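A.B. asks:
Residue numbers (the working numbering), protein chains in the order written: chain B, 1 to 385; chain F, 386 to 770; chain H, 771 to 1155; chain G, 1156 to 1540.
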C-alpha cells in the first residue's frame, strides 16, 4: 500500500472495445494505478465520448493519441500521466509507442508488439536510448502457478529438461465469423494484424510461456501452418516441432479452429526427475509429477509456495483468482517497479518479474521464424537471431 | 459505463485487514464505485494512517465510524458518501449499520449480519422504515454459474427437486491457531463472532446457496455440531439433515477441521429429471446431469447461458473469473441498482439480483435454528419463523 | 500360479441374470477357480439350459440347489465342488447358504446377507460351528486404492480421525421402472429384498466402506429415509448422521433417485493431520491431502503403494483396473486362503483380507439400526449390538 | 453364451512373463475361449513347468512352439487347438506365426507384428493364401468409448475433420533401467525389438488409434526422434507432424521418458462442427465438444451409446471397466467371429470389429516411414505404400 499512484493514459479501448476494459480492470484492481486521461478511439468523437463515460475530465479526454502525448507533456510533472497503455489492434502499436517514448512516457503494450520485426527493433533501440520501461502483456506468464512452475524448474526439481509440450487450442474461429465480429475482423486481416494470424494472436503466448517456465530458448523449429476456413486471410492453425538450447525437444500447437475448445492453453515440461503440467483453464493448480512418487497438486494461495508465486496471489487457497488477476499482476509489478525507481528505491526481484521489450522483440522473432519455417521445405529452420 | 460513480465510505479494513482489501478490489474493479472516505480501524491512529496509505484525503480519513457518519452527513449531497461498507468482525456490525441507516446512508454488510437475531430484526425494521438498501455479501451466490443453476431449476430443467446436498469443508482450523492469527482469533471467540463458529462463518453461505439455487426454503433440520480442537470456544464442524418446503430432503455439512481442504464449497441438486453440481473451486463450470443423456458442462462466458448468468460475466469463455469477480458482481449489482434509482430509472431484473436484508435476517434465523436443533434430543427442529 | 484350482458351484445366475455373469468373470479371471456345476435358476428347465450354455457337463447342470448340494456331496472329495457361490435375490440367500454349510461347503454370498438379522445370526452360528468360510461380496472394499486408504489410516498418516463423509448416489430408480426391469423389480419388493430398499442395496456398501477404511465402528446414528417415487414399496433415498466409536462424526447419504448419477460411491476421511478421498468411478486414484502440503495422488500399480494395495493389483500404473477386477480380488483372496488351508499352509495377511460372515452380520445390524432410527423421533439411535 | 469354446494354444507367456498373463485373463474373462495347450517359454524346462502351474495337461505342455504346432496338428479336429496366441518379444513373432498359419491355425499376435516390413508382408500373403485370421492386439482401439468416438466421427457429428492430436507419454524409461528389468531389456534392444523403440512400442498404438477413430489415413509426416537416456540403444521419445488424406493436420507425440507419466495415451479430434477427446487413463468417459453448446460427457454403459460401443461393454454405467476388459473385447470379437464362421453363421458387424493383418502391416509401414522421416532433412516424407 502506498499513497503515490501511477497515472495511466490509455490509447484505444473506447466504447465496445473488449481488451481495453480488461486493461482498466487489471490496472485498477490493486490500487497502484489510476486512469487519468485517454485517447480512447481513432475517431475523435468516439474518443471523447468514451472518456466522459469513464468519468475522465473533459480536458483529458483527448481526440487523438498525438494530442494526448503532446498535451500531457506540457503539464507539470506531478500531474501529468506517467505511462501510456496501448490497447489498439496490432497495426496501431508502433507509432504511439514510439511517440510516447520520445516524450518521456513509459509504455504498456499488447502483444504481438508490432507489425514487423523492424518496428520492434526500432522500439527496442528507443527503449535502450531513453532508459524508459516498455512492458508487454504476456498475461499467461503472470499466473502465480506459472511463477511456481518456473521456480521449480530453476531449482532443478525436475532435473535437466528433456521435453516441452505446449498447446493453445481455441475454437472461436471455427467458422468464417470475421465479417460480423470486430474482434475477429482485425485479427484475421494481415494489414491490421500482421503476417501471421493464429501464431501472432496466441502462438506467441505459448512460445513465451514455454521459454519463461523452462528458462530455455528455442533454437530451431519445423512449422506446419494451415488456413482451414475458406475465405480467411491468415493461418488459423499450426503445429511446430521445437528444439531448445540444451537439446530438449518439444511441440507447440496452436489453433483457433479447434472446435469446442475455449482458451485451453496448456503446458507440460518433462525433466530427468519429474514432470509438471499447467492448464490455464484450471489456473490455480500446478500438477507436479516426481518420478516414482505420488503426483502433487500445488495450489495458489498455499503457504508452501515460493516467494515469487506468493507475491502474485491476493487470496487464501481455495478462493480462485483468474485472468484479470493475472493481468493485474503485470500491471502491479510494472507499477511497483516504476514507483520504487521514482522513489529512489530498488524494486524487489519479484516486482521486476514482468515481460519487457526483450520479451516482445523475441516474440516478433518467433513469428518471423515460424513464417520462414512454414515456407521452407527443409525440416529445420534456425530461430532468427 | 456511466459517468456517475457511487461514493463508498469504508468502516474497518485498515492495514493488515484481509477482507477489507477484498471489498475494495471488488468495489473498484468495474468502475461504478469509488472509495471516498473511511474509518478504517477501531484505533483512530491506525484508522488515519490506513486512510493515507489508501490515498484518501486527510480530512476524510476518519478516526471513528461515528465521526465519519456525522461529518459525511454535513457535506453537500453531491459530495458526500452514498453508502458505507462495513467490513469489521461480526460484533461490530450492528451499531455502525444502524447509525448509517439513521443518517440516510445505504449499507453493505458482511455476513453473518449481527451477533443476535434481535439485532438483525432491528436492522430490518430500520431498512423498511427508511427505504434504504442493505446489501449483504453472500459472495458465492454471485458466481455466474450459480446464477445459471438457479435459472435451470427455475425453468424446471431438473423437474421437481427431491434432494439437495451442500457441503463446505475447510481445513484451516485443524489446529488451535487462534492465538497466533487474528483472522482465526475473532472467528472463534463468541464475544466477537456470535454464538456459532463454523456455522456462522461458512454454514450460512451453504444454507443461502442451497435456498438461492433451489428456490426452496428449509422448513426443518436436525443438527449435529462438534468442537474438535481442544481449547476452541466455538464449534468447528457440523452436519445437518434438512427438509425443504416441498418435501425435498438434504444434507448440509460444514467443517473448518476438514484437514487438507481449502475452500471446497460444493452443491448438488437432484430433481425428477436430472441433477446439477457446482464446485466453488472450479467455479466456471456447472455440471448438468439430465436423466438418460450425456452429462453437460455449462461454462461461464458461453453465449448459450441465460441472461442472468451472462450479466455476471466479464470475459469470454476460457478466461477464468474468480472470487474477486463474484464479490464484484454483488457490488456492481448493488451500485447499478442504486444509480438507476438515483437517476429515476428502473433497474433490470439482473441488476437487482443481489442479497439484501431479507437474506441476512434469514441467515440469522438459520443460525438460531441450528443451535436449537444441536441442543435438542428430538430429531427435528422447525426452522425459526 | 498353482496347479490346484478351487471348484465352484453356482446357485442362481442363469440366462439373463446380470450379477451371476459378473461373479463368473470375477471368479474366472485369475485362474484359481473353475466353475464345475450349477443350479442356475429356480426354474429347473431354465437351470439346465443355462448350465449347458455355460458348457457345464449335463450331469452337473442341476435343476435345483438342493439337488446340487446333495449330489455333489456324494462325489469323491477330489472331484466335488469346494464351495457354492449364491447369486440369487436376497430372499433366496438363507436356505441355500445354510444347506451348503450343513453339507460341508464353503459359501460366497451377495450382500445383504439375508432378509432378517435372525437369519444372519443363524448362519453365523453355523459358520462358527462348522469352521467353514462364508465370504460376502462387499466389492468396493476390494479396490486396491481402498486398501491403500485403510493402510494410510492404520499407519496414522491422517492422525486421529475426526470426520467421515460417505455417499452413494445412483439415479437409475428416478422413475418407477420396477415393473419393466427385473433388476429393479425384486430390489424394490420387500418380500424379495428385505425391509429396506436403497439402504440394503447400496447403503450397506457405504457403511462397510467407512468402517473398513477408518477401522472405526459406527456407534449411533440418526436416519432420515424417503420414498420419492410414487408407487414404490421401499425407500429409495436416505441421509444418516453418524457417530463413531472414537467420537468422530460423519454423514452417510445414499440415493437411487439422484437423477443423472451412475454409481458414484465416494468417501472422504478427515483426521487431525490430513484427509483422503476416494471415488469409485475414478477407482485407480486415491487423493491424499496432508495439512499444509500439496495434495497427493496415489495411483494403482505404483511401486510406492503398500503391500496390501499391491497384492490387489494386476497391472502396471496407468492400465486401469475396474469393477470386475475388484470383485475378482475378493474371489482370489477367498480362493488362495482356502487353497492354502487345504495345503496345510498359512495364508498371508493380504490373502485373508476379504469380507466374511462377521462383516455380513454387521451389515444386517446396520440395516436394523437404520430402520429403527428412521422410525424414531429421537435424534440418536444406538447401533444394534 | 454358447456351449462351444475356442481352444487356445499359447506361445510364450510363462512364469514371470507379464503380457502373457494379461492375454490369459483377457481370453478367459468372457467364457468363449479356453487355454488347452502351451509352449510357454523358449526354455523347454521352463515351458513345461509353466504349463503345469497353469493346470495344463502334461502332454499339452510343450517344450517348444514347433513341437506344439506339430503335435496339435495330429490331434482330431474336435480336440486340437483352434488358434495360437503369440506373446513373445517382437523378434519371436514371425516364425511361430508363419508356422501356425502353415499348419492351419489362426493367430493372435502382439504388436508390432514383426521385426521388419518384409516379414509382415510375408505373413500378410500367407493369411490371404490360407484364408485364416490373424488378429493383432491394438488394445486401445477396443475400449468402448473409442468405438463410440469412431461412430460419432463416422456419423459426421464433428463435421469434416481438420486436426488430430494424439499423444502417448510414459515415464517408466526415464532412467537406464534396461539392465535390471526384463520388460525394459528386450524393448530397448534392436535385435529383440526391431529398429524402433518408443515408436514401435507405443507410437504404433497412437497411430492406429488416430486412424481408427478418424477413419482417415496418414499420408505424410515429419518425424523428430530422440534417445535421451545415455546408453540406450533405441529412441525413447519422438514428435511427429502429420498430414491426413483429407488435408487434416495433426501431431503424434510419444515418449517413454515423460517423467511422472504412467500410460497417458490421449487423443483429440477436431472437426468443423465440434471436437472430441479421450484419455485412456479415464477410459470410460468420452468428452464431446459441439461448437456453441455445452461439452458432453459420454459414459460407458449408458443406454444412449451406439450399438458398436454397447457391444464392447459388460457392466452398467458407473461400474468401471479397464484395460483387461478392452483386451478381452479383442479376444471376444475374434472368438465370436471365428465361432460364427465355424458354425456357418455370418458374424455381426460389431463382432468383426477387431484389428487384423491389414492393421498390423500398416503399423509396420508406419514405423518404416517414421524412421525414414527421422533420417531425412526434408520436412515431409510420404507414408510408405
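Cβ atoms here follow ideal geometry from the backbone N, Cα and C, with glycine treated the same way. This structure is a prediction, so every number in the text was calculated from the model and none was measured.
Just mark residue 323 (chain B) as buried or exposed, buried being the case when its beta carbon has 16 or more other beta carbons within 10 Å.
C.D. replies: Here residue 323 (chain B) is taken as the residue at index 323 of the first chain, counted from 1. Classification of residue 323 (chain B): buried, given that the 10 Å Cβ count is 16 or more.
A.B. asks: Would residue 243 (chain B) and residue 166 (chain B) be called neighbours here (beta carbons separated by less than 9 Å)?
C.D. replies: Position 243 of the first chain holds residue 243 (chain B). Position 166 of the first chain holds residue 166 (chain B). No, they are not a contact pair.
A.B. asks: Expressed to the nearest angstrom, what Euclidean distance is found between the alpha-carbon atoms of residue 1350 (chain G) and residue 1532 (chain G)?
C.D. replies: Within the fourth chain, residue 1350 (chain G) is the residue found at index 195, counting from 1. Within the fourth chain, residue 1532 (chain G) is the residue found at index 377, counting from 1. For residue 1350 (chain G) and residue 1532 (chain G), the distance between alpha carbons rounds to 19 Å.
A.B. asks: Using only the alpha-carbon positions, how far apart do residue 1255 (chain G) and residue 1521 (chain G) sit?
C.D. replies: The residue labelled residue 1255 (chain G) in the question sits at position 100 within the fourth chain. The residue labelled residue 1521 (chain G) in the question sits at position 366 within the fourth chain. Near 26 Å, if we compare the C-alpha coordinates of residue 1521 (chain G) and residue 1255 (chain G).
A.B. asks: Skipping 5 residues on each side, what residues in its chain have a beta carbon closer than 7 Å to that of residue 1413 (chain G)?
C.D. replies: Looking up residue 1413 (chain G) in the fourth chain gives position 258. Closer than 7 Å at the Cβ level, and outside the excluded window around residue 1413 (chain G), lie 1324, 1325, 1326.
A.B. asks: Which of helix, strand or coil does DSSP assign to residue 1157 (chain G)?
C.D. replies: Position 2 of the fourth chain holds residue 1157 (chain G). Residue placement at residue 1157 (chain G) is poorly supported in this model, since its pLDDT is 48, which falls under 50; the coordinates are not used for a value here.
A.B. asks: Where does residue 613 (chain F) sit, in a helix, a strand or coil, going by DSSP?
C.D. replies: On the second chain, residue 613 (chain F) is found 228 positions in, with the first residue counted as 1. In this structure, residue 613 (chain F) counts as coil in the three-state DSSP scheme.
A.B. asks: Helix, strand or coil for residue 378 (chain B)? Go by DSSP, reduced to three states.
C.D. replies: For this step, residue 378 (chain B) is matched to residue 378 along the first chain. In this structure, residue 378 (chain B) counts as strand in the three-state DSSP scheme.
A.B. asks: Along chain B, in chain order, which residues have C-beta atoms closer than 7 Å to that of residue 913 (chain H)?
C.D. replies: Locating residue 913 (chain H) in the third chain gives position 143, where the first residue counts as 1. Going along chain B, no residue has its Cβ under 7 Å from residue 913 (chain H), so there is no contact; the nearest lies around 17 Å.
A.B. asks: Alpha carbons only, please: which of H:850, H:895, H:916 is nearest the one belonging to residue 1077 (chain H)?
C.D. replies: The sequence position of residue 1077 (chain H) within the third chain is 307, counting from 1. Checked all of H:850, H:895, H:916; the closest Cα to residue 1077 (chain H) is H:916.
A.B. asks: Go ahead and label residue 358 (chain B) buried or exposed: buried means 16 or more other beta carbons lie within 10 angstroms of its beta carbon, across all protein chains shown.
C.D. replies: As a position in the first chain, residue 358 (chain B) is number 358, starting the count at 1. By the neighbour-count rule (16 or more Cβ atoms within 10 Å), residue 358 (chain B) is not buried but exposed.
A.B. asks: Helix or strand or just coil, what does DSSP make of residue 370 (chain B)?
C.D. replies: Locating residue 370 (chain B) in the first chain gives position 370, where the first residue counts as 1. Of the three classes helix, strand and coil, the one that applies to residue 370 (chain B) here is helix, per DSSP.
A.B. asks: Rounded to the nearest angstrom, how far is the Cβ of residue 852 (chain H) from that of residue 634 (chain F), given a contact under 8 Å?
C.D. replies: In the third chain, counting from the first residue as 1, residue 852 (chain H) sits at position 82. In the second chain, counting from the first residue as 1, residue 634 (chain F) sits at position 249. Their Cβ separation, rounded to whole angstroms, is 46 Å, which puts residue 852 (chain H) and residue 634 (chain F) out of contact at 8 Å.
A.B. asks: Using a Cβ cut-off of 9 Å (strictly closer), state whether residue 299 (chain B) contacts chain F.
C.D. replies: As a first step, residue 299 (chain B) must be located in the first chain, where it is residue number 299. For residue 299 (chain B), the answer is yes, since a Cβ of chain F falls inside 9 Å of its Cβ.
A.B. asks: Hey, could you find the ends of the beta strand (DSSP E) residue 550 (chain F) is sitting in?
C.D. replies: Working through the second chain from its first residue, we reach residue 550 (chain F) at position 165. Run containing residue 550 (chain F): 546 to 554, per the beta strand (DSSP E) assignment.
A.B. asks: Return the residues of the segment 1381 to 1413 of chain G that lie within a Cβ-Cβ distance of less than 7 Å from chain B, sorted by chain order.
C.D. replies: Within the segment 1381 to 1413 of chain G, the residues whose Cβ lies closer than 7 Å to some Cβ of chain B are 1381, 1383, 1392, 1394, 1396, 1404, 1406, 1408, 1410, 1412, 1413, listed in chain order.
A.B. asks: Mind reading off the beta-carbon distance from residue 833 (chain H) to residue 844 (chain H)? Whole number of angstroms is fine, and I expect it under 8 Å.
C.D. replies: Looking up residue 833 (chain H) in the third chain gives position 63. Looking up residue 844 (chain H) in the third chain gives position 74. Actually they are not in contact, since the Cβ atoms of residue 833 (chain H) and residue 844 (chain H) sit about 16 Å apart, beyond 8 Å.
A.B. asks: Would you please verify whether the beta carbon of residue 1471 (chain G) is less than 9 Å from any beta carbon of chain F?
C.D. replies: Along the fourth chain, read from residue 1 onward, the residue named residue 1471 (chain G) stands at position 316. No, no contact with chain F.
A.B. asks: Taking the continuous beta strand (DSSP E) assigned at residue 138 (chain B), which residues delimit it?
C.D. replies: Residue numbering aside, residue 138 (chain B) sits at position 138 when the first chain is read from its first letter. Segment: none, residue 138 (chain B) is in no beta strand (DSSP E) and carries neither H nor E.
A.B. asks: Which class does residue 1520 (chain G) belong to by DSSP, given the choice of helix, strand or coil?
C.D. replies: To locate residue 1520 (chain G), count along the fourth chain from 1; it is residue 365. It is helical.
A.B. asks: Examine the Cβ distances between the segment 489 to 503 of chain F and the segment 436 to 447 of chain F and report whether three or more of them are shorter than 8 Å.
C.D. replies: With a cut-off of 8 Å, the segment 436 to 447 of chain F and the segment 489 to 503 of chain F do not count as touching, because too few Cβ pairs lie within range.
A.B. asks: Determine the DSSP secondary structure at residue 664 (chain F), reduced to helix, strand or coil.
C.D. replies: Counting from one through the second chain, the residue named residue 664 (chain F) turns up at place 279. It is a strand residue.
A.B. asks: Is residue 406 (chain F) close to chain B? Criterion is C-beta to C-beta, closer than 9 Å.
C.D. replies: Locating residue 406 (chain F) in the second chain gives position 21, counting from the first residue. Taking Cβ atoms only, chain B reaches closer than 9 Å to residue 406 (chain F), which makes this a yes.
A.B. asks: Quick one: measure Cβ to Cβ for residue 1481 (chain G) and residue 1295 (chain G), integer angstroms, because I've assumed they're closer than 8 Å.
C.D. replies: Residue numbering aside, residue 1481 (chain G) sits at position 326 when the fourth chain is read from its first letter. Residue numbering aside, residue 1295 (chain G) sits at position 140 when the fourth chain is read from its first letter. That pair is a contact at about 7 Å.
A.B. asks: How would you list, in chain order, the residues of chain B whose beta-carbon sits under 9 Å from the beta-carbon of residue 1128 (chain H)?
C.D. replies: Locating residue 1128 (chain H) in the third chain gives position 358, counting from the first residue. In chain order: nothing, as chain B lies at least about 33 Å away.
A.B. asks: Under the DSSP definition of a beta bridge, which residues are partnered with residue 786 (chain H)?
C.D. replies: The residue given as residue 786 (chain H) occupies position 16 in the third chain. Beta-bridge pairing links residue 786 (chain H) to no other residue.
A.B. asks: Suppose only complete runs of 4+ residues qualify. What are the alpha helix (DSSP H) ranges in the segment 35 to 79 of chain B, listed by chain order?
C.D. replies: Here the runs fully enclosed are 44 to 53, 65 to 74.
A.B. asks: Measure from the C-beta of residue 674 (chain F) to each C-beta in chain B and report whether the shortest distance is under 9 Å.
C.D. replies: What you label residue 674 (chain F) is simply residue 289 of the second chain in a count that begins at 1. False, the Cβ-Cβ gap to chain B never drops below 9 Å.
A.B. asks: Using 9 Å as the limit for Cβ to Cβ distance, is residue 1543 (chain G) near chain F?
C.D. replies: Outside the displayed range of chain G (1156 to 1540) lies residue 1543 (chain G), so it cannot be described from this structure.
A.B. asks: According to the neighbour-count rule (16 or more other Cβ atoms, all chains shown, within 10 Å of its Cβ), is residue 453 (chain F) buried or exposed?
C.D. replies: Here the question's residue 453 (chain F) lines up with position 68 in the second chain. With 16 or more other Cβ atoms within 10 Å, it is buried.
A.B. asks: Establish whether the CB of residue 1153 (chain H) and some CB of chain G are separated by less than 9 Å.
C.D. replies: Here residue 1153 (chain H) refers to the residue found at position 383 when the third chain is read from its first residue. Output row for residue 1153 (chain H): interface = no.
A.B. asks: Check the Cβ of residue 160 (chain B) against every Cβ in chain H and list those closer than 8 Å, keeping chain order.
C.D. replies: By 1-based counting over the first chain, the position of residue 160 (chain B) is 160. Those do not exist, as residue 160 (chain B) stays about 23 Å from chain H at its closest Cβ, beyond 8 Å.
A.B. asks: Can you give me the start and stop residues for the beta strand (DSSP E) that residue 270 (chain B) sits inside?
C.D. replies: Here the question's residue 270 (chain B) lines up with position 270 in the first chain. Per DSSP, residue 270 (chain B) belongs to the beta strand (DSSP E) from 266 to 271.
A.B. asks: Hey, would you say residue 1395 (chain G) sits closer than 9 Å to residue 1378 (chain G), going by beta carbons?
C.D. replies: Taking the first residue of the fourth chain as position 1, residue 1395 (chain G) is located at position 240. Taking the first residue of the fourth chain as position 1, residue 1378 (chain G) is located at position 223. Yes, Cβ-Cβ distance for residue 1395 (chain G) and residue 1378 (chain G) is below 9 Å.
A.B. asks: Going by the CB atoms, is the gap between residue 1285 (chain G) and residue 1265 (chain G) shorter than 9 Å?
C.D. replies: Mapped onto the fourth chain, residue 1265 (chain G) falls at position 110. Mapped onto the fourth chain, residue 1285 (chain G) falls at position 130. The answer is no: Cβ separation not under 9 Å.
A.B. asks: Under 8 Å Cβ-Cβ, which residues of chain H neighbour residue 387 (chain B)?
C.D. replies: Because residue 387 (chain B) is not part of the residues shown, which for chain B are 1 to 385, the question remains open.
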